[in-house]
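Asks: Numbered as in our numbering, the first sequence ends at 658 without a single skipped number.
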Amino acid sequence: MFFDYREKIGRFITKNVKNIFSVDLEKVVVTSPPQVKFGEYSSTFPFQLAKILKRSPLQIGEEFVNGIDLSQSEISNFVIKVENIKGYVNFHLKRSIFFRELLNTLLADNKKISGPWDTSLKVIVEHTNINPNKAAHVGHLRNAILGDTLVRLLKKMGFNVEVQNYIDNTGVQVADIVVGLKYLKGMGVKEVKELSQMEKFDYFCWDLYTEVGKFYEKKKENLELRRNTLREIESGKGELYEISEMVSSSIVRCHLKTMKRLGIGYDLLPRESDILHLKFWERAFNLLREKRTIEYENEGENRGCWVFKYLNRGKEDTKIIVRSNGTVTYTGKDIAYQMWKFGKLGVDFYYKKFSTEDGFVWMTTSHKDEGEREHPTFGNGDIVFNVIDVRQGYTQNIVYEALKKLGYKREYENSVHFSYEMVALSPKCAVDLGFKLSEEDKGKNFVEVSGRKGLGVKADDLIDKLLERALEEVKNRDVKPDEMRDTAIKIAVGALRYYMLKYTKNSMIIFDMEDALSFEGETGPYLQYSVVRAKNILRKYMDEYQLDEEDLYDIFRKSVFSEISMEDDIWELLWEFIRLDEMVYNSYKKREISILAKGLFSISQKFSAFYSKYRILKRENKREREELLSFVYIFLKIMEFYLWILGIPIVDRM
RNA sequence: GCGCCUGUAGCUCAGCUGGAUAGAGCAACGGACUACGAAUCCGUAGGUCGCAGGUUCGAAUCCUGCCAGGCGUGCCA
Numbered sequence: 005m006f007f008d009y010r011e012k013i014g015r016f017i018t019k020n021v022k023n024i025f026s027v028d029l030e031k032v033v034v035t036s037p038p039q040v041k042f043g044e045y046s047s048t049f050p051f052q053l054a055k056i057l058k059r060s061p062l063q064i065g066e067e068f069v070n071g072i073d074l075s076q077s078e079i080s081n082f083v084i085k086v087e088n089i090k091g092y093v094n095f096h097l098k099r100s101i102f103f104r105e106l107l108n109t110l111l112a113d114n115k116k117i118s119g120p121w122d123t124s125l126k127v128i129v130e131h132t133n134i135n136p137n138k139a140a141h142v143g144h145l146r147n148a149i150l151g152d153t154l155v156r157l158l159k160k161m162g163f164n165v166e167v168q169n170y171i172d173n174t175g176v177q178v179a180d181i182v183v184g185l186k187y188l189k190g191m192g193v194k195e196v197k198e199l200s201q202m203e204k205f206d207y208f209c210w211d212l213y214t215e216v217g218k219f220y221e222k223k224k225e226n227l228e229l230r231r232n233t234l235r236e237i238e239s240g241k242g243e244l245y246e247i248s249e250m251v252s253s254s255i256v257r258c259h260l261k262t263m264k265r266l267g268i269g270y271d272l273l274p275r276e277s278d279i280l281h282l283k284f285w286e287r288a289f290n291l292l293r294e295k296r297t298i299e300y301e302n303e304g305e306n307r308g309c310w311v312f313k314y315l316n317r318g319k320e321d322t323k324i325i326v327r328s329n330g331t332v333t334y335t336g337k338d339i340a341y342q343m344w345k346f347g348k349l350g351v352d353f354y355y356k357k358f359s360t361e362d363g364f365v366w367m368t369t370s371h372k373d374e375g376e377r378e379h380p381t382f383g384n385g386d387i388v389f390n391v392i393d394v395r396q397g398y399t400q401n402i403v404y405e406a407l408k409k410l411g412y413k414r415e416y417e418n419s420v421h422f423s424y425e426m427v428a429l430s431p432k433c434a435v436d437l438g439f440k441l442s443e444e445d446k447g448k449n450f451v452e453v454s455g456r457k458g459l460g461v462k463a464d465d466l467i468d469k470l471l472e473r474a475l476e477e478v479k480n481r482d483v484k485p486d487e488m489r490d491t492a493i494k495i496a497v498g499a500l501r502y503y504m505l506k507y508t509k510n511s512m513i514i515f516d517m518e519d520a521l522s523f524e525g526e527t528g529p530y531l532q533y534s535v536v537r538a539k540n541i542l543r544k545y546m547d548e549y550q551l552d553e554e555d556l557y558d559i560f561r562k563s564v565f566s567e568i569s570m571e572d573d574i575w576e577l578l579w580e581f582i583r584l585d586e587m588v589y590n591s592y593k594k595r596e597i598s599i600l601a602k603g604l605f606s607i608s609q610k611f612s613a614f615y616s617k618y619r620i621l622k623r624e625n626k627r628e629r630e631e632l633l634s635f636v637y638i639f640l641k642i643m644e645f646y647l648w649i650l651g652i653p654i655v656d657r658m
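1. Which residues bound the beta strand (DSSP E) around Ile171?
2. Check whether the segment 342–359 touches the segment 82–95, taking contact to mean three or more Cβ pairs, one atom from each stretch, closer than 8 Å.
3. Under the three-state reduction of DSSP, which class applies to Asp321: helix, strand or coil?
4. Residues in the same chain with beta-carbon distance under 8 Å from Thr214, minus the five sequence neighbours each way, listed in chain order, please.
5. Assess contact between the segment 229–242 and the segment 419–435, defined as three or more Cβ pairs (one per stretch) separated by less than 8 Å. Is contact present?
6. Using a 10 Å radius around the Cβ and a threshold of 16 neighbouring Cβ atoms, would you call Val167 buried or exposed?
7. Spell out a yes or no on whether the segment 333–352 and the segment 233–250 are touching, meaning 3 or more CB-CB pairs, one atom from each, closer than 8 Å.
8. In the DSSP assignment, what are the bridge partners of Ile275?
9. Can you round the beta-carbon distance between Tyr45 and Arg10 to whole angstroms, since I take them to be within the 8 Å contact cut?
10. Apart from the five residues just before and just after Glu299, which ones in its own chain have a Cβ nearer than 6 Å to its Cβ?
11. Does Trp662 come out as helix, strand or coil in the three-state DSSP assignment?
12. Mind listing, in chain order, the continuous alpha helix (DSSP H) runs of no fewer than 4 residues lying wholly within the segment 403–452?
13. Label Glu631 either buried or exposed according to how many other C-beta atoms from any shown protein chain fall within 10 Å of its C-beta, with 16 as the threshold for buried.
14. Sorted by chain position, which residues of the same chain lie with C-beta nearer than 7 Å to Asn510's C-beta, five sequence neighbours on each side aside?
15. Just checking, does the segment 525–535 make contact with the segment 638–646 on the three C-beta pairs under 8 Å criterion?
16. Going straight from the alpha carbon of Asp547 to that of Ile620, what length do you get?
17. So, with DSSP's three-state summary, where would you put Leu282?
18. Per DSSP, which one or two residues make a beta bridge with Trp648?
19. Going by Cα to Cα distance, which pick from Asn302, Gly350, Ile13, Lys295 is closest to Arg287?
20. Spatial neighbours of Val420 within its chain, please: CB distance less than 6 Å, with the 5 preceding and 5 following residues excluded, ordered by chain position.
21. Which runs of the alpha helix (DSSP H), 4 residues or longer, sit entirely within the segment 478–513?
22. Checking the sheet assignment: what are the DSSP bridge partners for Ser3?
23. Would you tell me roughly how many angstroms separate the C-alpha atoms of Gly65 and Ser430, rounded to the nearest one?
24. What residues are listed by DSSP as bridge partners for Ile392?
25. Please say whether Val129 and Asp659 have beta carbons closer to each other than 8 Å?
26. Between Ile279 and Lys372, what straight-line distance do the alpha-carbon atoms span, to the nearest angstrom?
27. So if DSSP puts Asn226 in a beta bridge, which residue, or which two residues, is it bridged to?
28. Taking Thr381 as the reference, which of Gly363, Val403, Gly347 has the closest Cα?
29. Starting from the C-beta of Leu57, find all residues in its chain whose C-beta is less than 8 Å away, skip the five residues before and the five after it, and write them out in chain order.
30. Can you tell me which residues form a DSSP beta bridge with His141?
31. Round the Cβ separation of His259 and Ala140 to the nearest angstrom and send it over; I've been treating them as touching at under 8 Å.
32. I need the straight-line Cα distance from Gln177 to Ser598, nearest angstrom please.
33. Just to check my reading of the structure: Tyr503 and Ala520 have Cβ atoms closer than 8 Å, yes? What is that Cβ distance to the nearest angstrom?
34. Can you have a look at Glu415 and say buried or exposed, based on whether 16 or more other CB atoms are within 10 angstroms of its CB?
35. Could you give the C-beta distance for Lys3 and Ile79, rounded to a whole number, given that I count them as a contact under 8 Å?
36. Give the range of the alpha helix (DSSP H) segment to which Ser359 is assigned.
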């Protein structure tokens, strides 16, 4: 509902400029001034007109303001004043109307985000996608938290969202663990089965993975074991395959458990092995060949390969899709999978329930008899978001280009690589973790996380540390003993999620333990604390005046807004509440979650300032007290609504 | 070589479609609690927005060139 104000003002300007100056403005830009004292909307059209009319912007602004008739316009119901300051034409809104409307919406528990997008569309978001061969680390956390927040954002915008977490259970990474278990540890199916039941099997594999890395380095022939293992896993039969199944399912359970701690869940786990066995690739290959999207090379350096040729900024680029030995590359499989997501492959998976600690999640399967007869419809998306780090940009682009060349223009346009920069460690952090760095690495300002070297901060370790620190803090504060643990968990989650969301996606996060474990300043707990303060005010007020919630709502329904609540600093905050929907839309449009995260932090900051400036309970004037109280209520409700999107839990006391 | 990204305060980062005085957090310094609990607030200090041109009434923002850094760019998986 707040989206059209800007447009209405734009139309108002165009119309009146034509009346007054007989000039057609091509494009009117309506911006928001830096401070509310300049109004809520502003336009600089007098600067554009100055040249044409050969007069100063100031004069033009004056003439415009004098020439309009506000009361007869379509903006008169929400604009109270139009003024000209130095050539900036500023529009002031009727503050109390917005106050009332927002409060009523919140009291009716009817807050929704609506705007110029089509909510009948189905959106598929793919995120997390961790190789199921070892524990998750901080880099994976950025992906999962970013992806999950995107999902929450889309859901609040009204889209039908499906969350997929792709499991690459037939890749080298899993094969390496199988090699380790079989040839380094000398284990068979039975032993692995027992071992994979252990707590923190993912931690065990983390260490084993680096051992296997050294094992390969020691003797090149050992790599032969990997090749054979990989082949057997892909075949779907035999001892090594069985071991790989146990490894990947057990590790997937570990990952799901880790993500669950952060409030992250999934609708479907599509598996690479099923894409393989259900011959998704063959199907895609036929389509690609029929439509001549890929071609066979008879000569040259790529002789014997099927390649995809496309124009990349005017230059022809060639990417091998099928190798000369007949095997398909990752890009090829990705094309097939992306086609399936859009419902363009003409084949589907079977679906089974994959048990987790507290229920199940849907997983694909290749076997008809294993699949459930009844299951939700998966795939068939209209828009697909792939949350993958920036390094995959080239490959992602080829996948989308292939869709375009296949004739799926809409699908091409609706394929989004939701990319983000990687998480690296500061050299100091790496040393603190016990890694020996080379002199060269010490001189750099970051060290790349490497699963193969075991260099990285494990996700669960980080969450545990945050939890520990939160517990220490909580013990010294106003929290009941039986709520301490729950509160500490919420704080830990809030801190971690905000930490991962506050950076723009193009910014590399150089992980620093001190910053990540901080609960002060620009952190999740700061946001949570501001909400706790709002709750405390309302609670104390109810205690002091012997009111229940209904009494309180009654007060809010009746409260009137006068001078106090229209003070600039209060209004500025309220205006920011109102503009949050626009911010959500911007986050979506620009694919930049940090816009919303930063916005909520800014609101929390302003509320904290408000909190220390206006003492509400001690205020003598009842009417003013109630006005301010209703404002606190609005803040609380707004924060509950939008913090949900960031996945930052609300805390009662801290 | 080509492509993408980055360069803003001592450090880590924001800065929307070009617009009004370039903002936060951390660190430093100085203040504010017998309390709507200080995980906070207020204040001070700190900036040739990598460099040089250009476009514009107006540039951190757009264009060009240069410098510095990062990441891609395999018939690997």
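For every residue, glycine included, the Cβ atom is placed at its ideal position computed from N, Cα and C.
Remember, it's a predicted structure, so these values are computed and weren't measured experimentally.
Replies: With the given structure in hand:
1. Careful: Ile171 lies outside any beta strand (DSSP E) and carries neither H nor E.
2. no
3. strand
4. Arg456, Lys457, Gly458
5. no
6. buried
7. no
8. Position check: residue 275 holds Arg in this sequence, whereas Ile was assumed. For Arg275, which the question treats as bridged, DSSP gives the partners Ile171.
9. 7 Å
10. none
11. The requested residue 662 does not occur in the structure, where the chain is confined to residues 5 to 658.
12. 413–417, 431–436, 443–447
13. buried
14. Glu425
15. yes
16. 14 Å
17. coil
18. None; Trp648 has no bridge partner.
19. Gly350
20. Phe389
21. 488–505
22. An answer regarding residue 3 cannot be provided, because it is not within the stretch 5 to 658 covered by the chain.
23. 53 Å
24. Ser423
25. This structure cannot settle anything about residue 659, because the visible part of the chain is limited to 5 through 658.
26. 14 Å
27. Paired residue(s): none; Asn226 is not in a bridge.
28. Gly347
29. Phe25, Val27, Ile64
30. Lys462
31. 5 Å
32. 32 Å
33. 5 Å
34. buried
35. Nothing can be reported for residue 3: it is not among the residues displayed for the chain, which extend from 5 to 658.
36. Segment 354–360 is the beta strand (DSSP E) holding Ser359; no alpha helix (DSSP H) there.
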